[in-house]
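Residue numbering for the sequence shown is 12 to 244, as defined by my numbering. Glycine included, every Cβ here is placed at the ideal spot set by N, Cα and C. Computed from a predicted model, the values in this text were never measured in an experiment. Structure first, commentary second.
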Amino acid sequence: MTRAFPFEPAFVSETLLREAAEPASALAAAGVAIEHDAPNPGEGLRRLVRFFGEKGLLRLVTDARFGGAHERMSSIGLCLVRERLGHASPLVELAFAMQGLGSYPMTLAASEHGSSDAAEVWLPKVVRGEAVAAFALTEAQAGTDLGGLATTAVRRGDAYVLTGEKRFISNAGVADVYVVFARTEDGKVSAFAVDARSEGLSVRPQAVLGGHPIGEVVLDGVVVPEAMRLGAE
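And the structure:
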């Protein structure tokens, strides 16, 4: 049986504490300064992602084959980093966390299936801080219930046409790549790496109390190459 996080034993080693938590603590203060210097939360988040990439912190979000720090990513290491960054600022922590959450389905697909074109294209950019990732699951009616998703992915030759709306998506309007969950014609749910520049993709910002970019992602007949599907259909 496949585990959701099949990458490590359930203990915190001194190596993880040293390699993950300590660098995060050192970078947190600099991250707060970057956030405060930015003209808006969206630009602040993008600058933070770029900064974390330059400092090597984002190497913790994926496997070594895509530029990660270890052969297999460490979910415990990610939690340690988030804890340290969260003490400094919610936006500083979110900038790191969403790079991990937004890209994790690509790492998982590559791990489960041996290869993934989407992972090859996007994960090195995510690790370097050159691409901001987003996790597009939530919908108005379904919430985060996969069984109730209304967004569709219709096969058209060697591509899929995605149609639907996502809501309360962190990094909306800032992300370069969205991992979008949609229902295929057989009724099953698949995930796709969707380039933010795709024709038919638009964003409507949502006003929330939290100081980070969030919004609705509208997919109006967005064509996604089959190679950008994550794993089997």
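One alpha carbon belongs to F192, the other to T163, and they sit about 9 angstroms apart. Annotation for R208: no beta strand (DSSP E) segment contains it, and DSSP assigns it neither H nor E. D128 sits in a helix when the DSSP states are folded into three classes. Look at H81 here: in three-state DSSP terms it is strand. Straight across, the Cα-Cα distance linking E54 with A120 is about 30 angstroms. Proximity of the segment 79-92 to the segment 42-52 falls short of the contact definition, fewer than three beta-carbon pairs being nearer than 8 angstroms. Partner residues in a beta bridge of S122, as assigned by DSSP, do not exist. Distances from the CA of L105 to each of S127, H81, A145 were compared; the closest alpha carbon is that of A145. In this structure, the alpha-carbon of A161 lies about 7 angstroms from that of R194. Assigned with DSSP and collapsed to three states, L230 falls in strand. Listed in chain order, the non-local C-beta contacts of T155 below 6 angstroms within the same chain comprise L148, T149, local neighbours out to five positions each way being set aside.
Membership of E65 in the alpha helix (DSSP H) is indicated by the continuous run 52-66.
Excluding its 5 nearest sequence neighbours in each direction, L69 has C-beta neighbours in its own chain below 8 angstroms: V60, F63, F107, Q110, V137, V138, R139, G140, listed in chain order. For E196, the CB contacts under 7 angstroms within the same chain, skipping 5 residues up- and downstream, are V165, R166 in chain order.
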